[in-house]
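One structure is given below, encoded as structure tokens.
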Amino acid sequence: MQLTLYTDYSLRVLIYLAFKGEELSTIDEISKAYRISKHHLTRVVHKLGENGSIKTIRGKGGGICLAQKPKDINIGRIVKEMEKNFDLVECFNKDKNQCILSPMCGLKNILYEAKLNFLKTLESKTLADILVDKNSFNKKA
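Read left to right, the sequence shown gives residues 1104 to 1244 (the working numbering).
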């Protein structure tokens, strides 16, 4: 399973903000640190603000920061909110499925179970679990 860049960038923003602590960060700053388009990050930050993961402060001296402690931000929730679909194969979508093997194939069931286990693992992790080495982060950011 591959996450979209949108979800990847969302997790990167949260990691960045977690390492910054209560210090406000800007989209421009994060864009430069990660070499990611400001346009893409603006969309990501907007969604993270809407779902309550980050706080956005407008105006001069404004910026963004985490809305909760890293230990309270669930990775599974973030991934599920950011990903548009989890259809690993065509047959996951009944409306678009045209695979002639569907009636006799057990792959869908195996992949569905794998997807559930993937999400269950993510749901057992928080942003705090991702934060490994603040010193290395500070050297690169």
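Every residue, glycine too, gets a C-beta built ideally from N, C-alpha and C. Since we're looking at a predicted model, the values are computed, not measured.
> Does the Cβ of Leu1120 have 16 or more other Cβ atoms within 10 Å, making it buried, or fewer, making it exposed?
Replying inline: buried
> In the structure shown, what three-state DSSP assignment does Ser1128 receive?
Replying inline: strand
> When the Cβ atoms of the stretch 1200-1210 are set against those of the stretch 1141-1154, are three or more pairs found closer than 8 Å?
Replying inline: no
> For Ile1233, does the three-state DSSP call read helix, strand or coil?
Replying inline: helix
>> Taking the beta carbon of Met1104 as the centre, do at least 16 other beta carbons fall within 10 Å, making it buried, or is it exposed?
In response: exposed
>> For Asp1131 and Gly1179, I'd like the C-alpha separation in whole angstroms.
In response: 27 Å
>> Taking the alpha carbon of Asn1177 as the reference point, which residue from Leu1204, Leu1225, Lys1199, Glu1216 has its own alpha carbon closest?
In response: Leu1225
>> Classify Gly1166: buried if its beta carbon has 16 or more other beta carbons within 10 angstroms, exposed otherwise.
In response: buried
> Along the chain, where does the alpha helix (DSSP H) that runs through Gly1179 open and close?
Replying inline: 1178-1185
>> On the DSSP letters alone, give me the boundaries of the beta strand (DSSP E) that Lys1158 sits inside.
In response: 1157-1160
>> Can you check which of these residues, Thr1159, Thr1110, Leu1117, Leu1108, is closest to Leu1234 by C-alpha distance?
In response: Leu1117
>> Going by DSSP, what residue range makes up the beta strand (DSSP E) through Ile1167?
In response: 1166-1169
> Roughly how many angstroms lie between the CA atoms of Lys1197 and Asp1190, to the nearest whole one?
Replying inline: 10 Å
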